[in-house]
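Residue numbers (our numbering): 1 to 298. A virtual CB, placed ideally from N, CA and C, is assigned to each residue, including glycine. Structure first, commentary second.
As structure tokens, then:
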């Protein structure tokens, strides 16, 4: 029996000063398998028991896709293979939403990527994780009329070497939201905008010095870094190797960027010796976003 396999990359949003509008897809993946359930009921595997029901985010997204297409929601078996850590700021929820809606299409190509993004935003209103999960690469998202989002993909120089640094603890999403200030100064907003411009230029040119300045954020990182106990120590270590770092999403994951393999290897080795229980590894940019294929039932 055939089944549909959906592969969705991890995403790193709030890229530097690109708060809620800039995110990149990377080569960590969640994989989802969908097939008809001959037992005549919903079946979900690969997640905690409390989510093996109709409240499961993947299934809720699947229903949204079916409703949009005007199809009855079938009895489906969903198997999940998690390669994206949960609650670490790497878009695990976005991957579930994108996979569920994509699976509802069953390769009929009735749901374009633009429509997939629009439908996904019914469950997650911020597109900075959703967009790169769908399109791949580095994506900026722009709100236009009637709540729609326009997505632009951007080049990243091959000079840059990325490292994912995943602590062995989570950051509460609720606390990450509560810690943000209620207001900002115009001078800080102006500086933030100028850094976004510098960041985009440096990412394409490969200039690490400009990148380090362009990655600096004033909207969330000064506040959310307080929720990551090791943030300062990690940042200081990375800076010693002339490299840059930012908080991925709301944390606790951090992303390091350098321009040579030697410094990247030194950063990985030193951090791994200090934090042996953390997940620290080189990563690369995913250029394709979500992928679908038909495979034989496992």
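Residue i versus residue j: straight-line alpha-carbon distance, rounded
i, j, result
"residue 129", "residue 91", "6 Å"
"residue 271", "residue 257", "14 Å"
"residue 242", "residue 207", "12 Å"
"residue 212", "residue 36", "50 Å"
"residue 265", "residue 221", "25 Å"
"residue 24", "residue 94", "13 Å"
"residue 174", "residue 230", "20 Å"
"residue 200", "residue 246", "15 Å"
"residue 284", "residue 134", "17 Å"
"residue 44", "residue 157", "40 Å"
"residue 260", "residue 62", "42 Å"
"residue 31", "residue 159", "29 Å"
Endpoints, alpha helix (DSSP H) assigned at residue i
i, result
"residue 71", "Where residue 71 is concerned, there is no enclosing alpha helix (DSSP H), given that its DSSP letter is neither H nor E."
"residue 95", "92-105"
"residue 212", "208-214"
Cβ distance (whole Å) where residue i is taken to contact residue j below 8 Å
i, j, result
"residue 17", "residue 216", "7 Å"
"residue 89", "residue 249", "3 Å"
"residue 104", "residue 57", "Between residue 57 and residue 104 the Cβ distance is about 14 Å, and since that is not below 8 Å, they are no contact."
"residue 154", "residue 140", "6 Å"
"residue 198", "residue 210", "6 Å"
Chain C contact for residue i (CB, 8 Å cutoff)
i, result
"residue 68", "The chain inventory of the structure shown lacks chain C, comprising one protein chain alone."
Per-residue burial, residue i [other beta carbons within 10 Å of its own, 16 or more giving buried]
i, result
"residue 26", "buried"
"residue 177", "exposed"
"residue 191", "exposed"
"residue 224", "buried"
"residue 167", "buried"
"residue 102", "buried"
"residue 297", "exposed"
"residue 193", "exposed"
Residue span of the beta strand (DSSP E) that contains residue i, given as start and end
i, result
"residue 223", "No beta strand (DSSP E) contains residue 223, which is instead part of the alpha helix (DSSP H) from 221-224."
"residue 3", "2-13"
"residue 296", "291-296"
"residue 163", "161-166"
Distance CB(residue i)-CB(residue j) smaller than 8 Å
i, j, result
"residue 228", "residue 252", "yes"
"residue 99", "residue 6", "yes"
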